[in-house]
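**Student:** Numbering (the working numbering), first residue to last: 6 to 900. Sharing a structure, written as structure tokens. Questions coming.
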Ligand code: BGC
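Structural data, given as structure tokens:
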């Protein structure tokens with residue numbers, strides 16, 4: 006008996022594992038303010054058709070306790086079921102700074118028990134006001150000036166005893182870079198990022214144990230303006246949230262003997278202005294290396310000439326831990342080319358439009374000034390084109406210190422650019438004089454997509470680069486001009502594409518706080534979030550609706566019902582805001598800045614039609630979200646709203662033959678996508694789109710809003726061929742056209758620049774706007790065919806590629822919350838090969854393109870030999886199978 010049990014366990018170990026343990030979507034986070042953090046893991050198994058049948062979680066205050074097979078904080082017991090994500094901690098209540106270690110083991114349907122997972126951890130943050138014992142300090146600068154120098158503050162302290170652990174909590178009204186004993190704390194940039202500083206300010210938490218030493222230590226902070234007091238958006242003035250920057254830091258040092266000491270910002274710190282003469286997100290940075298204060302953040306520096314810091318009142322805003330990954334430099338780019346279009350003016354081409362800044366390397370005489378201006382595109386004469394940046398100066402000025410080789414990168418700014426114009430450089434810059442630093446919120450990359458068509462691959466790359474450039478703390482419209490706002494329309498249109506490319510769960514969790522913080526007292530969602538006074542328009546159809554659409558997408562993609570619970574009331578207030586003003590269920594009131602199908606091509610969709618369609622869609626999503634969270638009454642209420650809006654919509658806008666008011670592609674596409682077309686008219690409506698595309702010689706005319714739904718609707722109504730035609734189109738307007746003009750990111754306008762016409766209207770011509778890139782979703786969902794089934798969070802997966810003669814192969818993968826899903830297909834002379842990977846603990850429906858079910862083979866054998874595959878039906882040229890987890894190698898014949 007004993008022998009048998011042992012044998013059983015050993016095989017189990019090889020077959021079944023719980024990996025990738027995460028807490029609130031993150032790996033070992035250092036500060037949680039969620040009372041019941043949600044835990045998740047991925048089930049891995051080498052055996053096909055694996056489903057987790059039970060789990061057991063142990064949470065302890067010390068890994069030793071876990072080692073003893075106990076959890077002093079929580080023992081879940083053996084819980085039956087397949088849940089492996091979104092499991093709320095249900096143990097002892099967790100106090101400030103509590104550290105929790107956890108592990109899990111799982112059971113599966115093949116009778117295996119996994120070994121315990123590797124140990125993961127999370128720590129609670131500073132949960133109450135009383136935990137913040139430090140003072141908010143800064144240096145009174147000249148706040149009447151638009152651009153001002155950035156203060157440096159410092160403090161020396163002594164450590165006498167052996168250290169067990171040291172944690173730094175840092176928060177600023179402004180931005181910060183902190184260092185300990187001369188080395189930087191963390192490697193994030195633009196922390197603590199953007200929130201409405203009047204309501205919420207984020208702190209960052211760092212484990213600094215290795216940076217502290219016995220004896221004398223020094224901690225230093227540089228404070229920048231950033232979103233708090235610099236220029237934001239197209240407002241004419243800085244100081245959106247305040248004019249005086251300040252910082253609060255607490256360094257908690259825990260000693261080996263169990264005692265603890267807190268080094269906190271207070272009036273004993275000293276401060277000075279230094280080499281950063283000004284630094285602004287939009288304008289750029291001025292830096293004079295001659296004013297560097299060598300060793301300022303090391304012990305022993307002589308700070309006699311520094312001033313005592315000023316102490317500022319505490320904010321009334323909530324202080325919260327950053328709930329997502331910080332912004333970091335995620336890629337370094339070497340110059341491709343250096344030209345000299347005018348004497349002494351060098352233009353460096355990074356070959357890729359990015360958001361970030363450059364690192365400069367230089368050797369020269371003290372006092373020499375180098376100017377670096379950033380631009381996305383060039384004039385025909387090879388000089389940089391900056392008119393489209395509007396008021397953003399995007400300029401760095403660096404004055405040399407003259408001491409050997411100098412290296413400089415700006416501290417508190419970023420630009421959207423591909424080209425850097427360098428003037429004042431001593432001699433000609435060498436290829437290593439400039440390095441491009443691309444920054445973005447450092448989320449895990451989850452998607453990859455490649456195929457046999459070069460233009461499509463470039464499109465995928467452009468989408469992904471536009472996502473990076475615009476996922477900097479919040480989802481923005483563009484990273485270059487004086488805008489960079491959290492435009493809600495852009496975010497909702499792109500969120501699903503974004504969720505393929507990166508794990509956006511924690512990022513959107515953070516942004517939804519901004520959205521709700523910005524909501525007006527009468528329930529309107531803003532057009533941009535976080536709220537900025539001067540840009541504070543609200544309620545626009547397709548923009549405000551993001552407050553419903555984003556949480557629904559996060560629920561669908563990650564199975565997140567907590568986001569729904571957290572914001573349900575806010576969403577209801579938005580629904581009420583619309584309903585109050587539109588008693589006849591046509592949304593024509595309270596539309597404010599009604600942008601409509603922004604940037605459509607000579608095809609204006611009637612604005613009340615678009616607005617009403619989105620209202621119906623919101624209602625539909627509310628039904629879904631109410632049902633997912635057990636809100637029966639609300640579910641019924643929004644079912645009724647949906648029905649009323651739908652019938653009002655049909656009456657007002659759809660004629661008996663399926664023609665829609667305004668007859669634009671977007672009108673049809675929204676009616677079809679949002680299920681507002683009577684069933685018997687769906688095909689007729691789809692045909693109108695096809696006819697319109699034909700009449701436009703194979704072109705789309707949708708704007709920002711319609712474009713996302715166009716190819717999915719065409720595909721789902723049986724016209725994948727037309728969707729492909731649009732994909733492969735290379736003439737204006739199309740996704741391919743900007744690529745033929747050299748685009749390396751998605752452009753705001755299809756014709757931002759053309760060889761014939763030159764630049765579009767400089768008042769609004771960004772070369773890095775992800776909205777039109779919302780077709781990325783279709784590439785994953787329909788071309789590769791990786792899609793969600795009915796259950797959220799990829800518990801049920803659909804793999805359904807749409808094959809076209811124009812592609813010989815497609816290869817995509819997506820790291821879902823359940824593990825990696827793969828779809829790789831290739832065709833040659835009617836023979837089709839198809840590799841599919843389905844993660845453990847999920848089920849899938851796989852559509853294998855095949856002329857008939859009996860030509861399908863799997864791993865070289867007839868399908869009936871694979872017990873994990875159950876044939877369901879043959880439909881539209883595909884053999885459809887229900888499948889358990891595992892890797893499958895299909896072969897079939899297409900025709
Ligand atoms: C932004 C857009 C935004 C729009 C509102 C523009 O200036 O760049 O992306 O959604 O305004 O229509």
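The C-beta atom is built at its ideal place from N, Cα and C for all residues, glycine as well. No experiment lies behind these values; they were computed from the predicted model shown.
1. For residue 193, does the three-state DSSP call read helix, strand or coil?
2. Under 9 Å, do residue 389 and residue 413 count as touching if we go by C-beta distance?
3. Indicate whether residue 492 and residue 440 have their beta-carbon atoms separated by less than 9 Å.
4. On the CB-based measure, 16 or more other CB atoms within 10 Å of its CB, does residue 29 come out buried or exposed?
5. Terminal residues of the continuous alpha helix (DSSP H) containing residue 623?
6. Can you list the beta strand (DSSP E) stretches of 3 or more residues lying completely in the segment 33 to 77, in chain order?
7. Any heavy atom of ligand 1 within a distance shorter than 8 Å of the CB on residue 517?
8. Leaving out five residues before and five after residue 15 in sequence, what residues of the same chain have Cβ atoms less than 6 Å from its Cβ?
9. Any heavy atom of ligand 1 inside 8 Å of the beta-carbon of residue 771?
10. Within the structure, which residues are defined as neighbours of ligand 1 by a Cβ-heavy atom distance below 5 Å, reported in chain order?
11. Please go through the same chain and pick out, in chain order, the residues whose beta-carbon is closer than 8 Å to the beta-carbon of residue 448, but skip the five residues on each side of it.
12. Could you tell me the distance, in whole angstroms, from the CA atom of residue 17 to the CA atom of residue 61?
13. Looking at residue 610: is its Cβ nearer than 9 Å to the Cβ of residue 708?
14. Less than 7 Å between C-beta atoms, sequence neighbours within five positions excluded: which residues of the same chain meet that for residue 5?
15. Given this structure, state the Cα-to-Cα distance separating residue 587 from residue 237, to the nearest angstrom.
16. So residue 395 packs on residue 487, CB below 8 Å; how close in whole Å?
17. Contact defined as beta carbons within less than 8 Å: I believe residue 833 pairs with residue 813. What is the distance between those atoms, to the nearest angstrom?
18. According to DSSP, simplified to helix, strand and coil, what is residue 483?
19. To the nearest whole angstrom, what separates the beta carbons of residue 35 and residue 210, a pair I think is in contact under 8 Å?
20. Please report the straight-line C-alpha distance between residue 727 and residue 806, rounded to a whole angstrom.
21. Which residue from 47, 446, 71 and 94 puts its Cα closest to that of residue 199?
22. Which residues bound the alpha helix (DSSP H) around residue 716?
23. Measuring alpha carbon to alpha carbon, tell me which residue in 263, 267, 272 and 298 is nearest residue 280.
24. Put residue 509 into one of helix, strand or coil per three-state DSSP.
25. Between the C-alpha atoms of residue 517 and residue 545, what's the straight-line distance to the nearest angstrom?
26. Under 8 Å: does the beta carbon of residue 166 sit that close to some heavy atom of ligand 3?
27. Just tell me which of 254, 233, 255 and 524 has its CA closest to the CA of residue 247.
28. Kindly list the residues whose CB is nearer than 8 Å to the CB of residue 670, restricted to its own chain and excluding five residues on each side of it in sequence; keep chain order.
29. Can you round the beta-carbon distance between residue 835 and residue 900 to whole angstroms, since I take them to be within the 8 Å contact cut?
30. Just to confirm the assignment, what range does the alpha helix (DSSP H) spanning residue 531 have?
31. Going by C-alpha to C-alpha distance, which of 217, 326 and 880 sits closest to residue 162?
32. On the CB-based measure, 16 or more other CB atoms within 10 Å of its CB, does residue 380 come out buried or exposed?
33. For the putative contact between residue 472 and residue 503, defined by C-beta atoms under 8 Å, what is the C-beta separation to the nearest angstrom?
34. Would you identify the three-state DSSP class for residue 112, choosing helix, strand or coil?
35. Out of 857, 823, 741 and 308, which one is the CA nearest neighbour of residue 47?
**Tutor:** Well, looking at it:
1. Here the question's residue 193 lines up with position 188 in the chain shown. Strand at residue 193.
2. Locating residue 389 in the chain shown gives position 384, where the first residue counts as 1. Locating residue 413 in the chain shown gives position 408, where the first residue counts as 1. No; because the gap between Cβ atoms is not below 9 Å, this pair is not in contact.
3. In the chain shown, residue 492 corresponds to position 487, counting from 1. In the chain shown, residue 440 corresponds to position 435, counting from 1. Result no, Cβ atoms of residue 492 and residue 440 do not sit closer than 9 Å.
4. What you label residue 29 is simply residue 24 of the chain shown in a count that begins at 1. It is buried - the Cβ of residue 29 has at least 16 other Cβ atoms within 10 Å.
5. Here residue 623 refers to the residue found at position 618 of the chain shown. Its alpha helix (DSSP H) spans residues 612 to 633.
6. 43 to 50 and 57 to 65
7. As a position in the chain shown, residue 517 is number 512, starting the count at 1. False, no ligand heavy atom lies under 8 Å from that Cβ.
8. As a working note, residue 15 is residue 10 in the chain shown. A caution first: residue 15 carries a pLDDT of 42, below 50, which makes its placement in the model unreliable, though a value can still be read off. Within the same chain, residue 15 has no close Cβ partners at all.
9. Translated into the one-based positions of the chain shown, residue 771 becomes position 766. Answer for residue 771: yes, Cβ within range of ligand 1.
10. 482, 492, 494, 495, 600 and 603
11. Locating residue 448 in the chain shown gives position 443, where the first residue counts as 1. For residue 448, where only same-chain residues beyond five positions count, the Cβ hits under 8 Å are 329, 330, 476, 507, 508, 509, 511 and 512.
12. Residue 17 sits at position 12 when you count from the first residue of the chain shown. Residue 61 sits at position 56 when you count from the first residue of the chain shown. Annotation note: pLDDT 45 at residue 17 (below 50); position unreliable, no value reported.
13. Taking the chain shown and counting its residues from 1, the one referred to as residue 610 is at position 605. Taking the chain shown and counting its residues from 1, the one referred to as residue 708 is at position 703. Contact flag set, yes.
14. Given that the chain is displayed from residue 6 to residue 900, the structure contains no residue 5 and the question cannot be resolved.
15. Position 582 of the chain shown, counted from the start, is the residue given in the question as residue 587. Position 232 of the chain shown, counted from the start, is the residue given in the question as residue 237. Roughly 34 Å between the two C-alpha positions.
16. Mapped onto the chain shown, residue 395 falls at position 390. Mapped onto the chain shown, residue 487 falls at position 482. That belief holds up - the Cβ atoms of residue 395 and residue 487 are roughly 5 Å apart, short of 8 Å.
17. In the chain shown, residue 833 corresponds to position 828, counting from 1. In the chain shown, residue 813 corresponds to position 808, counting from 1. The pair is a contact, with the Cβ atoms about 7 Å apart (cut-off 8 Å).
18. Within the chain shown, the letter at position 478 stands for residue 483. Coil at residue 483, not helix or strand.
19. Here residue 35 is taken as the residue at index 30 of the chain shown, counted from 1. Here residue 210 is taken as the residue at index 205 of the chain shown, counted from 1. That pair is a contact at about 4 Å.
20. Translated into the one-based positions of the chain shown, residue 727 becomes position 722. Translated into the one-based positions of the chain shown, residue 806 becomes position 801. Between residue 727 and residue 806, the alpha-carbon positions lie close to 15 Å from each other.
21. In the chain shown, counting from the first residue as 1, residue 199 sits at position 194. Per the Cα distances, 446.
22. If you number the chain shown from 1, residue 716 lands on position 711. That run of the alpha helix (DSSP H) goes 709 to 721.
23. As a first step, residue 280 is located in the chain shown; it is residue number 275 there, counting from the start. Distances from the CA of residue 280 to each of 263, 267, 272 and 298 were compared; the closest alpha carbon is that of 298.
24. Within the chain shown, numbered from 1, the residue matching residue 509 stands at position 504. In the structure shown, residue 509 sits in coil (DSSP, three-state: anything other than H, G, I, E or B).
25. To locate residue 517, count along the chain shown from 1; it is residue 512. To locate residue 545, count along the chain shown from 1; it is residue 540. Taking the straight line from one Cα to the other gives about 17 Å.
26. For the structure depicted, ligand 3 is absent and the ligand set comprises only ligand 1.
27. As a first step, residue 247 must be located in the chain shown, where it is residue number 242. Residue 247 has its Cα closest to that of 233, out of 254, 233, 255 and 524.
28. Taking the chain shown and counting its residues from 1, the one referred to as residue 670 is at position 665. The residues are 608, 694, 697, 698, 705, 706, 707, 711 and 715.
29. Along the chain shown, one-based indexing puts residue 835 at 830. Along the chain shown, one-based indexing puts residue 900 at 895. Right, the Cβ-Cβ distance comes to about 5 Å (below 8 Å), so this counts as a contact.
30. For the purposes of this step, residue 531 is identified with residue 526 of the chain shown, where counting begins at 1. That residue, residue 531, is in no alpha helix (DSSP H); it is neither H nor E in DSSP.
31. The residue given as residue 162 occupies position 157 in the chain shown. Measuring from the Cα of residue 162, the nearest candidate turns out to be 217.
32. The residue labelled residue 380 in the question sits at position 375 within the chain shown. When all chains shown are included, residue 380 counts as buried.
33. As a working note, residue 472 is residue 467 in the chain shown. As a working note, residue 503 is residue 498 in the chain shown. Contact holds; Cβ gap of about 6 Å.
34. Here residue 112 corresponds to residue number 107 of the chain shown, with the count starting at 1. Three-state DSSP puts residue 112 in a strand.
35. On the chain shown, residue 47 is found 42 positions in, with the first residue counted as 1. Of 857, 823, 741 and 308, the residue nearest in Cα terms is 823.
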